[in-house]
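Residue numbers (our numbering): 407 to 520.
The C-beta atom is built at its ideal place from N, Cα and C for all residues, glycine as well.
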């Protein structure tokens, strides 16, 4: 049974973030996950220093996978020195569905004003 997940990665700015992101996208595909969306925030200042770093490259993956595949992805994140922090959460509603519902609500409100 496939579930929806969100994975946040903070990658070290000293390494090639694009290569790291591609590596995790292929890791998810190897685990049988279907990547729905990749949201790249870019380099941001960290709230506190992590491994003497003040900035990190933020990326969010939205994907569908079996619960058994998450343990392997989690292990890869923990062992990768390029990843400063990571977090994998199970989501209830895919992010694209929420955006579509918000857009419909805005269009209904605009029609009522005329």
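> What's the call for residue 439, buried or exposed, on a 16-neighbour Cβ count within 10 Å?
Replying inline: Along the chain shown, read from residue 1 onward, the residue named residue 439 stands at position 33. Buried, since its Cβ has 16 or more Cβ neighbours within 10 Å.
> If you draw a straight line from the C-alpha of residue 414 to the C-alpha of residue 492, how long is it?
Replying inline: Translated into positions along the chain shown, residue 414 becomes position 8. Translated into positions along the chain shown, residue 492 becomes position 86. When rounded, the distance between both Cα atoms is 5 Å.
>> Pull the bridge partners of residue 490 from the DSSP assignment, please.
In response: Position 84 of the chain shown, counted from the start, is the residue given in the question as residue 490. According to DSSP, which records beta bridges pairwise, residue 490 is partnered with nothing at all.
>> Using a 10 Å radius around the Cβ and a threshold of 16 neighbouring Cβ atoms, would you call residue 424 buried or exposed?
In response: Along the chain shown, read from residue 1 onward, the residue named residue 424 stands at position 18. Exposed, since its Cβ has fewer than 16 Cβ neighbours within 10 Å.
>> If distances are taken between C-alpha atoms only, which option among 419, 471 and 497 comes closest to residue 434?
In response: To locate residue 434, count along the chain shown from 1; it is residue 28. Of the listed residues, the one whose Cα sits closest to residue 434 is 471.
> Per DSSP, what kind of secondary structure is residue 423 in: helix, strand or coil?
Replying inline: Indexing the chain shown from 1 puts residue 423 at position 17. Secondary structure at residue 423: helix, using DSSP grouped into helix, strand and coil.
> Nearest-angstrom Cα distance between residue 480 and residue 494?
Replying inline: Stepping through the chain shown from its first residue, residue 480 is reached at position 74. Stepping through the chain shown from its first residue, residue 494 is reached at position 88. When rounded, the distance between both Cα atoms is 8 Å.
> Do the CB positions of residue 465 and residue 444 come within less than 8 Å of each other?
Replying inline: For this step, residue 465 is matched to residue 59 along the chain shown. For this step, residue 444 is matched to residue 38 along the chain shown. Taking 8 Å as the Cβ cut-off, residue 465 and residue 444 qualify as a contacting pair.
>> Can you tell me whether residue 520 is buried or exposed? The criterion is at least 16 other CB atoms within 10 Å of its CB, across all chains shown.
In response: Position 114 of the chain shown holds residue 520. Note that residue 520 scores 49 on pLDDT, short of 50, meaning its location in the model is unreliable; the coordinates nonetheless yield the value given after this. The residue in question, residue 520, is exposed, as its Cβ has fewer than 16 Cβ neighbours within 10 Å.
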